[in-house]
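Asker: Have a look at this one before I ask anything.
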Amino acid sequence: MPDMKVNEKHVTVGKQFHDDPRMTMRNVNVFYGEKQAIHDVSIDIGKNEVMAMIGPSGCGKSTFLRSLNRMNDTVEGCRVEGEICMDGESLYNTKLDVVELRARVGMVFQKPNPFPKSIYENVAYGAKIHGLADSRIDLDEIVENSLNKAGLWKEVKDRLHQPGTGLSGGQQQRLCIARAIAVTPEVILMDEPCSALDPIATARIEELIKELSENFTIAIVTHSMQQAARVSDRTAYFHLGQLIEVNPTEQVFTMPEHELTEGYITGRFG
Amino acid sequence: MNNSAENLRRIQKSLKKRYFVERCFLWSGRAAITLGLLAVLVLFVDITSKGYGAFRSTEILLDIHYDADALGIDNLHDEKQLAFADWDVLLKNALREQFPDASGRKERKQLYGLVSNGAGFDLKERLIANPKLLNTSEKVWIIADDDIDTYYKSWLSGDPYAERMSEKQIQWIEVLDEQGAIALKFSKNLFTRGDSREPEQAGIWGAVMGSLFTLAITFCLSFPIGVAAAIYLEEFAPRNRLTDFIEVNINNLAAVPSIIFGLLGLAIFINFFHVPRSAPLVGGLVLTLMTLPTIIITSRAAIKSVPPSIREAALGMGASRHQVVMHHVLPLSMPGMLTGAIIGMAQALGETAPLLMIGMVAFIVDIPQGFTDPATVLPVQIFLWADSPERAFVEKTSAAIMVLLSFLIVMNMTAVWIRKRLERRW
Ligand SMILES: Nc1ncnc2c1ncn2[C@@H]1O[C@H](COP(=O)(O)OP(=O)(O)OP(=O)(O)O)[C@@H](O)[C@H]1O
Ligand SMILES: [Mg+2]
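Just so you know, the protein sequences line up as chains A and B, in that order.
Numbers 1 to 270, taken from the UniProt record's numbering, label the letters of the first sequence in order.
Numbers 1 to 426, taken from the UniProt record's numbering, label the letters of the second sequence in order.
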């Protein structure tokens, strides 16, 4: 194995900042109890940008992603330090309400987690709790649109009122995507959304990400470098809780600046 | 390193032992269940064989003449006259007519002893219900005295128990039997009356209603309070010394002997708050204290078993904590909570000790009409009857146990049915 050490006082190489940022993070540290999972990460995610996050398993991608909509609040003993802002407004230190934040920053989890309710109710849930639909017809439309975008409509349109947990793993993941986009969040966080999907469904989701990026900001964690290459504008490489390199995707995959990045994408480790 | 042939040999060797252990486990499980079922069967057979007799009582067919003069009544709407009339006269006349051979004070007394003491009031009710009967005659089945009942039942089964019977009475019964004027009839009293000193007049209905009212209070208080406490402790309370302390104490409370709760109820509810003594209200309050820990503990377990991923999904959608609880946690844990409630209610239904402390052991004839009427409950009634010297109360006791068990079964089946319905929503 090559040298996997990271200098203690490392600096992130590449273009980690953005001229027109939606989310800005400065010197973010995340701890699980005593254990530090994220070390001093600073990065911007631009408006309408798709940011891919790659890195070896356990390097803190999920942890980092979850601090963007304060899902780490729900983990006992988890502490987030540093500054995370959305549109210049700090997530952690101000009045910004966490319920509002999560409505604006949607999330698709690594493991599909549909509610044990009907498919329809799964997708309609967000719209219902946030009062987005004025009538049943509105709601029906939201549900159909979202399922359509997630590429699931054709498969489930005849069984909308059957349990969402009765779908296959890949279908469940698409259901979760439909559920997340049903409330039209400004930022969508996706944690390996395609890890359980076949190539066709994956292609559908990638297309969806492209579509969504016209209006939304997307941060996606993936283990597939092809996927990162296909959908993202910039790619961030994490290693042992540190942000090693951020650069335009093309550059990361052709001319990585940091040797760790190079090692990872050329498959020497990871 | 073993090669794969060697490994295979070892695996095959171990298989036999593994299956043997599995079979042992299977059979010990089956044996345990058989033993349990057998115990239940013995219990049921024993109680049913002792108690089924109580569902029928001996009645005697008499030709009753509603004689206004003998009663001293001229107006059936005069409450006072009705209250002062000697209704037993009707029975005495009818019996004398049936058996003119009874002579002398002693024999007369034995003759009158054939029928129940309270049977005169049954005639009063018949007459009031149908005033046209005044000064006419009709044949009426009159409930027999408990000694007669015991004798007649044992006589029918071929092993007469004549301890408390006189020669004459035995003769009369044989005569009645020949005439077909004595028979076992379904005992309405058992299911319509409250307690009584006369076994043939005593019924279980007062205790059933008492239990019903008491449990209604218990459920309506302990379930919502228990569930609310469990939700707060699981979902909202911070984890610190105080909540740890509360948790430990709830677990301790579940182990406190129930009579202590009775003393507590006596001191607080009756002596301090002046809640009426002997009433279902105070009984329900005491049983609530007793069942709360059970419900809180089982509800917390049910809440804990809701997968965290569901909570996470809801929070990630922007649901507030309250919404997460109401939309997801509560529906998913409700079946488990109901299981806890069933256990708690079953405990409460069978509880005697704490109720003795708050006066629900009193002798109560009237059927309670509400939460503040004096009442007793089924297990206490069983306790009282088991303690009574009259032989006829033996079968009454077993019958009361059967009623208690049926009550329990009905209650549990309802809860299980509700739980099934909730579970069916996947
Ligand atoms: N709830 C937790 N409590 C304690 N430690 C945690 C917790 N969640 C994650 N960690 C630790 O934090 C580190 C980062 O985990 P994280 O889940 O963010 O990795 P990841 O990059 O998403 O990995 P993967 O690609 O396998 O999903 C790991 O070392 C993990 O063990
Ligand atoms: Mg992860």
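The C-beta atom is built at its ideal place from N, Cα and C for all residues, glycine as well.
Flag B/Ala237 as yes if its beta-carbon sits less than 7 Å from any beta-carbon of chain A, otherwise no.
Answerer: No, B/Ala237 lies away from the interface with chain A (no Cβ there is under 7 Å from its Cβ).
Asker: Between which two residues does the alpha helix (DSSP H) carrying A/His130 extend?
Answerer: Element bounds for A/His130: 119–130.
Asker: In chain B, what lies closer than 9 Å to A/Arg159 by C-beta?
Answerer: Within 9 Å Cβ-Cβ: nothing; A/Arg159 doesn't reach chain B, min ~13 Å.
Asker: So who's on the other strand from A/Cys85, going by DSSP bridges?
Answerer: A/Cys85 is bridged to A/Thr24, A/Ser90.
Asker: Starting from A/Lys15, find everything on chain B with Cβ-Cβ shorter than 8 Å and list it in chain order.
Answerer: The contacting residues do not exist; A/Lys15 stays about 30 Å from chain B at best.
Asker: Run the CB neighbour count on A/Asn113, radius 10 Å, all protein chains shown included, and call it buried at 16 or more, exposed below.
Answerer: It is buried - the Cβ of A/Asn113 has at least 16 other Cβ atoms within 10 Å.
Asker: When you compare the CB of B/Gly318 with every CB in chain A, is at least one pair closer than 7 Å?
Answerer: Judged by the 7 Å Cβ criterion, B/Gly318 is in contact with chain A.
Asker: List the whole-angstrom C-beta distance separating B/Asn189 from B/Gln201, where the pair is believed to meet the contact cut-off of C-beta under 8 Å.
Answerer: 6 Å between Cβ atoms; contact.
Asker: So, does the CB of B/Ser333 fall closer than 7 Å to a CB anywhere in chain A?
Answerer: Cβ-Cβ to chain A under 7 Å: no for B/Ser333.
Asker: For ligand 1, any of its heavy atoms closer than 6 Å to the Cβ of A/Ala228?
Answerer: Answer for A/Ala228: no, Cβ out of range of ligand 1.
Asker: Which residues mark the beginning and the end of the beta strand (DSSP E) in which B/Leu61 is found?
Answerer: Taken as a continuous stretch (DSSP letters only), the beta strand (DSSP E) holding B/Leu61 covers 56–65.
Asker: By a C-beta neighbour count over all protein chains shown, 10 Å radius and 16 as the cutoff for buried, is A/Ala219 buried or exposed?
Answerer: Burial call: buried.
Asker: May I ask you to list, following chain order, the residues of the segment 127–150 of chain A that have a beta carbon less than 8 Å from some beta carbon of chain B?
Answerer: Result list: Ile129, His130.
Asker: Can you list, in chain order, the residues of the segment 94–109 of chain A whose Cβ is nearer than 7 Å to any Cβ on chain B?
Answerer: Those residues of the segment 94–109 of chain A that come within reach of chain B (Cβ to Cβ, closer than 7 Å) are Val99, Arg102, Ala103, Met107, Phe109.
Asker: Can you tell me the Cα-Cα spacing of B/Ser406 and B/Val416, whole angstroms?
Answerer: The straight-line gap from Cα to Cα measures roughly 15 Å.
Asker: Can you have a look at B/Ala228 and say buried or exposed, based on whether 16 or more other CB atoms are within 10 angstroms of its CB?
Answerer: With fewer than 16 other Cβ atoms within 10 Å, it is exposed.
Asker: Please classify B/Leu8: is it buried, with 16 or more other beta-carbons within 10 angstroms of its beta-carbon, or exposed?
Answerer: By the 10 Å Cβ count, B/Leu8 comes out exposed.
Asker: Could you have a look at A/Gly270 and say whether DSSP puts it in helix, strand or coil?
Answerer: In this predicted model, A/Gly270 has a pLDDT of only 47, less than 50, meaning its place in the structure is not dependable; the value taken from the coordinates is given anyway. Coil.
Asker: Over what stretch of residues does the alpha helix (DSSP H) that includes B/Ala39 continue unbroken?
Answerer: First-last of the alpha helix (DSSP H) with B/Ala39: 4–51.
Asker: Going by the CB atoms, is the gap between B/Gly210 and B/Val377 shorter than 7 Å?
Answerer: Their beta carbons are under 7 Å apart, which means B/Val377 touches B/Gly210 by this criterion.
Asker: Is B/Arg277 near B/Gly359, with beta carbons less than 7 Å apart?
Answerer: Yes.
Asker: Does ligand 2 have even one heavy atom less than 6 Å from the beta-carbon of A/Ser62?
Answerer: Yes - ligand 2 has a heavy atom lying nearer than 6 Å to the Cβ of A/Ser62.
Asker: Within 6 Å: the Cβ of A/Gln173 and any heavy atom of ligand 2?
Answerer: A/Gln173 Cβ: outside cutoff for every heavy atom of ligand 2.
Asker: Under 7 Å, Cβ to Cβ, is there at least one residue of chain A near B/Leu242?
Answerer: No, no contact with chain A.
Asker: Hey, could you find the ends of the alpha helix (DSSP H) A/Val252 is sitting in?
Answerer: Start and end: 249–254.
Asker: B/Glu59 and B/Ile173 - do their beta-carbons sit closer together than 7 Å?
Answerer: The answer is no: Cβ separation not under 7 Å.
Asker: Give the residues from the segment 293–318 of chain B that approach chain A closer than 9 Å (Cβ to any Cβ), ordered along the chain.
Answerer: Within the segment 293–318 of chain B, the residues whose Cβ lies closer than 9 Å to some Cβ of chain A are Pro307, Pro308, Ser309, Ile310, Arg311, Glu312, Ala313, Ala314, Leu315, Gly316, Met317, Gly318, listed in chain order.
Asker: Can you list the residues of chain A that B/His328 reaches, using a CB-CB cut of under 7 Å?
Answerer: Phe115, listed in chain order.
Asker: Show which residues of chain E have a CB atom less than 7 Å away from the CB atom of B/Gln323.
Answerer: Here chain E cannot be found, since the structure's protein chains are A and B.
Asker: Chain B partners of A/Lys154, CB-CB under 8 Å?
Answerer: The premise fails here: A/Lys154 is roughly 23 Å from chain B at the closest Cβ pair, so nothing lies under 8 Å.
Asker: Where does A/Asp191 sit, in a helix, a strand or coil, going by DSSP?
Answerer: Three-state DSSP puts A/Asp191 in a strand.
Asker: Any beta carbon of chain B sitting closer than 7 Å to that of A/Thr24?
Answerer: Answer no: the Cβ-Cβ gap between A/Thr24 and chain B never drops below 7 Å.
Asker: What separation, rounded to the nearest whole angstrom, lies between the Cα atoms of A/Phe115 and B/Phe393?
Answerer: Approximately 57 Å, taken between the alpha carbons.
Asker: For B/Leu114, count the other beta carbons within 10 Å of its own beta carbon; 16 or more makes it buried, fewer makes it exposed. Which is it?
Answerer: Per the 10 Å Cβ criterion, buried.
Asker: Can A/Val30 be considered in contact with ligand 1, in the sense that its beta carbon sits closer than 6 Å to one or more heavy atoms?
Answerer: No - ligand 1 has no heavy atom lying nearer than 6 Å to the Cβ of A/Val30.
Asker: Compare the C-beta of A/Thr74 against all C-beta atoms of chain B and say whether one is closer than 7 Å.
Answerer: Yes, A/Thr74 counts as interfacial toward chain B.
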